Amino acid sequence: MTELGSHAVVLGAGMAGLFAARVLSEFYSSITVVERDTLPECAEQRTGVPQGRHLHSLLSRGTQAIGELFPGILAEMGADGAVVDDGNDLSRVYVRIGDHELNPVGHLADPQAVAAYQASRPFLEFHLRRRVNGLPNVTLVGQRNIVGPVLTDGSVAGVRVIDRETGSPAILGADLVVDATGRAACSARFLANQGFGVVPEKRVPSTGGYSSQLLHIPPGRIRHRLAFVNQGRRAPGAMLVAYERDTWMLAVSRSDECGPPPSSYAEMMRTVEPMLPTEMVAGLRDATCIGEISISRNTGAVWRRYDQAADLPAGLVVLGDALCSLNPLHGQGMTMAALQALSLRDCLRAGAADSPRRFYRAAAEHIGPVWAVNRANDQPQPASGHHTQAWMQRAVLRAAGTDIAVAEQILRVRGLIDSPARLRERRFLVRVLLANLRHPRATLFSSPATSHSSLNGTDEQAIRALVDRQTHRRRAPTQITRLRYLTPDVALIQARTAITGPIRRRTRRNTSVAVRTGDGWLLAFSQNTAR
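Position one of the sequence shown corresponds to residue 557 (our numbering), numbered consecutively onward.
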């Protein structure tokens, strides 16, 4: 590997900082990781990581990334007590969203892709820190206050620090400084004060809070390894995750509409009893609390758009929560930091020239889709005109309850293995619709009282537009030739659509399915067959 410089400095020894140090070890002669806290020699909570007392999830893609950056570490964590989910047994996962439960029968096509390792934040950080500390060119230094970067000729050339024990200041020279100091990072303010301009930001306000309690539960009391319940914004949510050595984390969330998060374990129990299966509730009653309950009201998100900044100095990269902090309830932060570290590695492999800006563009490709989905889910009220999307979400969740392929695709998207765009692909949507047809449920659709054999003008116009949209969004005349209701809610439509291809013009007959809801004809699928 080509050496890009003699020294790099990483600010922050949390998960993002450790990922960054591992990557930089391939490109710089020496790396210094600077941390405000005293770095423990075991898996224990740090003062500088208050969120460590809350629930943490390492998603499937994050698990893969850690295995790529630190070969063999997953086996080490498993041997040390992390709960290993190989993806083969969905019966140990309880998921309920609204009134839809994910409990399909069958085997996943690629269970290894959605495998995960469940452990507490101190446990995960300890194992990464031990690996990084073992790298011959990396030094971890604790008890240092970070004053700020040092500029030389418009480039960042180091960082000022103060020894917290002696009060002695020092300047650490560096060819590259990585800011991984988390949500409280000051790099954006530093750049503005130094005349580089304001870094654009996107924000989603905090709209609720959550409580977390670490527990010890005797082995065998709860068969599941994970439970997730989302009842919507007007009701509490809950998550229960098995951790290392018979410890568990219970988290209860409430939006502002539901009131403040629980302030005691007794209140948490009263909240989750109606939500969780009887077996889990019984296990939670036998639990012993470890430490005090932790409460957070910070569910907001901030994306500092360094990729859109007009002027940036060389020698500074901002990574992890310092770049983009997401709503903690989504459990994506550690995985996003790992993916950003991989993006940084790819950029440095192409050379040091303009590497910060290239990194920010690459990171934005990971952040953008996740940010868009989170923003849609976190907004207090559905945006106007999103009735189709809301219906489709219900249809997908219902299909996932009976169709293992639909459930697997949801798990892949949720684990950041696949893009959310996969949930909009025609093949997937058709499978969702067919699953809904095989397992009809009156409450899913807003049904007309009786079946009809003909269309009124408004319905016909709406269906025509939807069929056109599904045929590659081309503007082509559509003639609906026959309609047959399969249920009061679902109709089989035969429509003739003229489609202009890049080479020749061809008329095709399209068998399309449209679904009727209380808001009108909202959804159509087309399967083209040459005439």
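Where a beta carbon is used, it is the ideal one built from N, C-alpha and C, also for glycine.
Source: prediction; values computed, not measured.
Take the alpha-carbon of residue 872 and the one of residue 906: they are about 17 Å apart.
In this structure, residue 901 sits away from residue 880, with a CB-CB distance that is not shorter than 8 Å. Rounded to whole angstroms, the separation of the alpha carbons of residue 886 and residue 731 is 35 Å.
Where residue 769 is concerned, the enclosing beta strand (DSSP E) starts and stops at 764-772. The count of Cβ pairs closer than 8 Å, one atom from the region 792-806 and one from the region 955-973, stays below three, leaving the stretches out of contact.
Within the same chain, and ignoring the five residues on either side of residue 870 in sequence, the residues whose Cβ sits closer than 6 Å to its Cβ are 711. By the Cβ neighbour-count rule, residue 910 is exposed, with fewer than 16 other Cβ atoms within 10 Å of its own.
725 is the residue among 676, 690 and 725 whose C-alpha sits nearest the C-alpha of residue 699. Between residue 875 and residue 615, the gap from beta carbon to beta carbon reaches 8 Å or more. For the pair residue 825 and residue 837, the Cα-to-Cα distance works out to about 8 Å. With contacts defined as CB atoms closer than 8 Å, residue 832 and residue 804 fail to qualify as a contacting pair. Relative to the Cα of residue 618, the nearest Cα in the group 893, 800 and 701 belongs to 893. The beta carbon of residue 653 sits closer than 6 Å to the beta carbons of 786 and 953 from its chain, once the five residues preceding and following it are set aside; these are given in chain order. In this model, residue 882 and residue 857 are separated by some 5 Å (Cα to Cα).
For residue 911, the enclosing alpha helix (DSSP H) begins and ends at 911-934.
In this structure, the straight-line span from the alpha carbon of residue 634 to that of residue 604 is close to 26 Å.
Three or more Cβ pairs drawn from the region 579-595 and the region 683-695 lie within less than 8 Å of each other, which places the two stretches in contact. Put simply, the backbone Cα of residue 914 is about 7 Å away from that of residue 903. With respect to the C-alpha of residue 677, the residue from 625, 602, 739 and 713 having the closest C-alpha is 602.
DSSP places residue 669 within a helical segment (H, G or I) once states are collapsed to three. Uninterrupted alpha helix (DSSP H) stretches at least 4 residues long and entirely within the region 875-899 do not occur. Per the coordinates, the alpha-carbon of residue 610 lies some 33 Å from the alpha-carbon of residue 728.
In the DSSP annotation of this structure, the continuous segment of the beta strand (DSSP E) that includes residue 562 starts and ends at 561-567.
Looking at the backbone, the Cα of residue 701 and that of residue 821 are separated by about 36 Å. For a cut-off of 8 Å, the C-beta gap from residue 575 to residue 897 is around 4 Å, short enough to register as a contact.
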